[in-house]
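What follows is a short report on a single structure.
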Amino acid sequence: MPDSQPQPSPSSSGPPSGPDEAGALLLCGARLTDGRVVDVRLGGGRIEAVGTAGSLGAGPAASGTPATRVDLGGHLLLPAPVEPHAHGDTALSADFEGPVPHEGQDVQRRATEAALLQLGHGATAVRSHVHVGDVQGLEALAAVLRARQTLRGLAELTTVAMPRVLTGVAGADGLAILRDAVKMGASVVGGCPDLDPDPTGYVEAVLEIASEHGCPVDLHTDGDDPARLARLAAMAGGLRPGVTLGPCGGLARLPAQAAARAADQLAAAGVTVVCLPQGGCGTVDGRDTAPVRLLRAAGVRIAAGSGALRDVSNPVGRGDPLEAAFLLASRYGLRPEEAYDAVSGAARAGLGLPEVRVEAGFPAELLAVRGTRLAGVLSLGYSRVVVHRGRVVARTSAVREYCGSAAGAAGAAAVDLPRQGRGDGRAGL
1 MPDSQPQPSP
11 SSSGPPSGPD
21 EAGALLLCGA
31 RLTDGRVVDV
41 RLGGGRIEAV
51 GTAGSLGAGP
61 AASGTPATRV
71 DLGGHLLLPA
81 PVEPHAHGDT
91 ALSADFEGPV
101 PHEGQDVQRR
111 ATEAALLQLG
121 HGATAVRSHV
131 HVGDVQGLEA
141 LAAVLRARQT
151 LRGLAELTTV
161 AMPRVLTGVA
171 GADGLAILRD
181 AVKMGASVVG
191 GCPDLDPDPT
201 GYVEAVLEIA
211 SEHGCPVDLH
221 TDGDDPARLA
231 RLAAMAGGLR
241 PGVTLGPCGG
251 LARLPAQAAA
261 RAADQLAAAG
271 VTVVCLPQGG
281 CGTVDGRDTA
291 PVRLLRAAGV
301 RIAAGSGALR
311 DVSNPVGRGD
321 PLEAAFLLAS
331 RYGLRPEEAY
341 DAVSGAARAG
351 LGLPEVRVEA
361 GFPAELLAVR
371 GTRLAGVLSL
381 GYSRVVVHRG
391 RVVARTSAVR
401 EYCGSAAGAA
411 GAAAVDLPRQ
421 GRGDGRAGL
């Protein structure tokens with residue numbers, strides 16, 4: 001399953017009329033998480049109808065265009081995941097000797113390739129944190145914004161502007177460049193208050209600029225200081241369109257009573273916590289994962305992201321939301337449905353994206369994975385079909401074969417070994 005050189009691949013649905021205009025699709029024979037096998041008709045970027053398998057014809061959809069059939073027999077159909085915590089400006093840079101190059105063309109190429117890798121895994125929307133200020137100024141942000149334009153029609157890429165310092169004399173330049181970043185096109189403001197000499201002042205500055213421009217806020221924090229976290233929650237409470245914190249791994253190192261009190265404060269503030277079960281990112285120390293069960297029990301919305309994608313802080317990062325969900329289920333005790341929601345429904349809500357269900361009227365942002373049940377998909381979900389705005393934008397096909405084996409004495413019939421994707425129930429993937 002090579003993925004080192006991701007390419008936008010033409011889908012079997014044929015070329016769309018334009019990057020934002022999809023032809024009609026009929027997804028045939030897909031299995032839903034409730035066990036039903038259905039056909040799903042898509043048109044105009046939305047789900048038009050869901051019916052029992054064979055009940056929806058390929059005739060004209062609401063758009064008046066005959067639907068192209070896509071066979072999803074043997075696949076589980078899910079709302080597409082999203083990536084709520086990426087670093088497009090440093091992605092795919094682990095192999096560089098010395099400092100990571102920040103020239104615009106190089107950053108644009110790596111950010112584009114990273115988003116395509118994540119799209120191949122199923123993430124039709126990506127939030128990328130981008131450093132602004134210091135030596136690179138706004139060059140890295142401009143490059144990621146160009147990558148966003150390149151990806152138009154394939155995936156949604158949004159950017160978070162991350163200045164280093166916002167307080168004191170040194171912070172004056174950071175404040176100015178953060179405002180310039182918003183004017184340039186950064187749709188979210190954020191950064192890492194833990195690295196500023198005055199973390200509370202940093203948060204106050206970010207929230208003020210967010211309020212001025214009506215932007216969401218996405219802050220990096222380890223969350224290992226209960227008093228600081230309480231102040232942050234108090235300041236963030238009620239801010240619209242919302243505040244996201246992550247990765248908050250330090251919460252797992254706090255005494256149980258202090259962690260529970262912090263969880264209650266974050267829940268009361270309506271803050272979304274994005275954990276990084278696949279590993280951290282270079283912005284904060286520590287590689288712990290936030291205590292997801294404690295936070296969920298307190299009522300905190302929990303989303304899961306990938307963090308670093310093959311940069312110096314995680315040179316083997318995959319950027320796969322299904323792996324993040326797998327880890328939440330296998331290591332942190334969430335049910336498969338809860339774990340997948342952390343990379344789909346909860347992650348979409350945290351990013352301010354519309355809800356997706358496999359029901360008529362909802363956005364056609366879908367992921368089909370070969371398998372029959374969600375637990376199996378999280379375990380070995382290799383073959384995938386990704387739908388964005390109602391058209392197939394990426395495919396990954398994995399076939400596992402076993403060489404023939406003679407059973408018993410010479411001349412005995414060869415064992416009929418299973419072949420991945422057979423579809424007869426003996427090989428689930």
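The numbering used here applies: residue 1 is where the sequence shown begins, and numbers increase by one.
The beta-carbon is built from N, C-alpha and C at its ideal position, and this holds for glycine as well.
*asked:* Contact defined as beta carbons within less than 8 Å: I believe residue 278 pairs with residue 324. What is the distance between those atoms, to the nearest angstrom?
replied: The residue labelled residue 278 in the question sits at position 278 within the sequence shown. The residue labelled residue 324 in the question sits at position 324 within the sequence shown. The pair is a contact, with the Cβ atoms about 6 Å apart (cut-off 8 Å).
*Looking only at its own chain, which residues have a Cβ that is under 6 Å from the Cβ of residue 118, when we skip the five neighbours before and after it?*
In the sequence shown, counting from the first residue as 1, residue 118 sits at position 118. So the list reads 83, 126, 319, once near-sequence residues are dropped.
*From the DSSP output, in three-state form, read off residue 84 for me.*
Mapped onto the sequence shown, residue 84 falls at position 84. Three-state DSSP puts residue 84 in a strand.
*Using the Cα positions of residue 160 and residue 181, report the straight-line distance between them to the nearest angstrom.*
Residue numbering aside, residue 160 sits at position 160 when the sequence shown is read from its first letter. Residue numbering aside, residue 181 sits at position 181 when the sequence shown is read from its first letter. Straight-line Cα distance between these residues: approximately 9 Å.
*asked:* In whole angstroms, give me the CA-to-CA distance for residue 435 and residue 23.
replied: Outside the displayed span of the chain (1 to 429) sits residue 435, for which this structure offers no information.
*asked:* Could you tell me the alpha carbon to alpha carbon distance between residue 230 and residue 242, rounded to whole angstroms?
replied: For the purposes of this step, residue 230 is identified with residue 230 of the sequence shown, where counting begins at 1. For the purposes of this step, residue 242 is identified with residue 242 of the sequence shown, where counting begins at 1. Cα-Cα distance, rounded: 17 Å.
_Three Cβ pairs or more, each shorter than 8 Å: is that satisfied between the segment 83–94 and the segment 41–58?_
In the pairwise beta carbon analysis, the segment 83–94 is classified as not touching the segment 41–58: fewer than three pairs are separated by under 8 Å.
*At which residue ranges does the segment 177–209 contain complete beta strand (DSSP E) runs of 3 or more residues, listed in the order of the chain?*
188–191
*Between residue 122 and residue 394, what straight-line distance do the alpha-carbon atoms span, to the nearest angstrom?*
Numbered from its first residue, the sequence shown carries residue 122 at position 122. Numbered from its first residue, the sequence shown carries residue 394 at position 394. If you draw a straight line from the Cα of residue 122 to the Cα of residue 394, it comes to about 8 Å.
*residue 156 in three-state terms, based on DSSP*: Residue mapping note: residue 156 aligns to position 156 of the sequence shown, counting from 1. Note: residue 156 maps to strand in three-state DSSP.
*Ranges of the beta strand (DSSP E) found wholly within the segment 333–414, counting only runs of at least 3*: If only uninterrupted beta strand (DSSP E) runs of at least 3 residues are considered, those enclosed by the segment 333–414 are 366–370, 384–388, 391–396.
*Within 10 angstroms of the Cβ of residue 71, are there 16 or more other Cβ atoms? Answer buried if so, exposed if not.*
Taking the sequence shown and counting its residues from 1, the one referred to as residue 71 is at position 71. When all chains shown are included, residue 71 counts as exposed.
*Which residue comes first and which comes last in the alpha helix (DSSP H) that contains residue 261?*
Within the sequence shown, the letter at position 261 stands for residue 261. Residues 256–269.
_Exposure of residue 281, with buried meaning 16 or more beta-carbon neighbours within 10 Å_ = Residue numbering aside, residue 281 sits at position 281 when the sequence shown is read from its first letter. Buried is the call here.
*On a CA-only basis, which of 120, 366, 216, 148 is nearest residue 350? Give me that one, please.*
For the purposes of this step, residue 350 is taken as residue 350 along the sequence shown, with counting starting at 1. Closest by alpha carbon: 216.
*Select from 388, 138, 400, 34 the residue whose C-alpha is nearest the C-alpha of residue 81.*
Numbered from its first residue, the sequence shown carries residue 81 at position 81. Nearest of 388, 138, 400, 34 to residue 81, Cα basis: 388.
*Does residue 25 come within less than 7 Å of chain B when only Cβ atoms are used?*
Considering every chain present, this structure includes no chain B. It has just one protein chain.
*Whose CA, out of 39, 306, 315, lies closest to the CA of residue 328?*
Here residue 328 refers to the residue found at position 328 of the sequence shown. That would be 306, whose Cα lies nearest to the Cα of residue 328.
_residue 80 beta carbon near the ligand SAM (any heavy atom closer than 6 Å)_ = By its list of ligands, the structure shown contains no ligand whatsoever, and the ligand SAM lies outside what it can speak to.
*Any chance you could list the beta strand (DSSP E) runs of at least 3 consecutive residues sitting entirely within the segment 95–167, in chain order?*
Segments of the beta strand (DSSP E) lying fully in the segment 95–167: 125–131, 156–162.
*For the beta strand (DSSP E) that contains residue 38, what are its first and last residues?*
Position 38 of the sequence shown holds residue 38. Residue 38 -> beta strand (DSSP E) spans 37–43.
*What is the DSSP secondary structure of residue 174, counted as helix, strand or coil?*
Locating residue 174 in the sequence shown gives position 174, counting from the first residue. Three-state result, residue 174: helix.
_Three Cβ pairs or more, each shorter than 8 Å: is that satisfied between the segment 210–226 and the segment 258–265?_
Yes, the segment 210–226 touches the segment 258–265.
*Are residue 167 and residue 198 close, meaning C-beta to C-beta below 7 Å?*
Here the question's residue 167 lines up with position 167 in the sequence shown. Here the question's residue 198 lines up with position 198 in the sequence shown. Result yes, Cβ atoms of residue 167 and residue 198 sit closer than 7 Å.
_Residue burial classification, residue 130 (beta-carbon count within 10 angstroms, cutoff 16)_ = As a working mapping, residue 130 is identified with position 130 in the sequence shown. Residue 130 should be labelled buried.
*asked:* Can you look up residue 69 in the DSSP assignment and give me helix, strand or coil?
replied: To locate residue 69, count along the sequence shown from 1; it is residue 69. Residue state, collapsed to three classes: strand.
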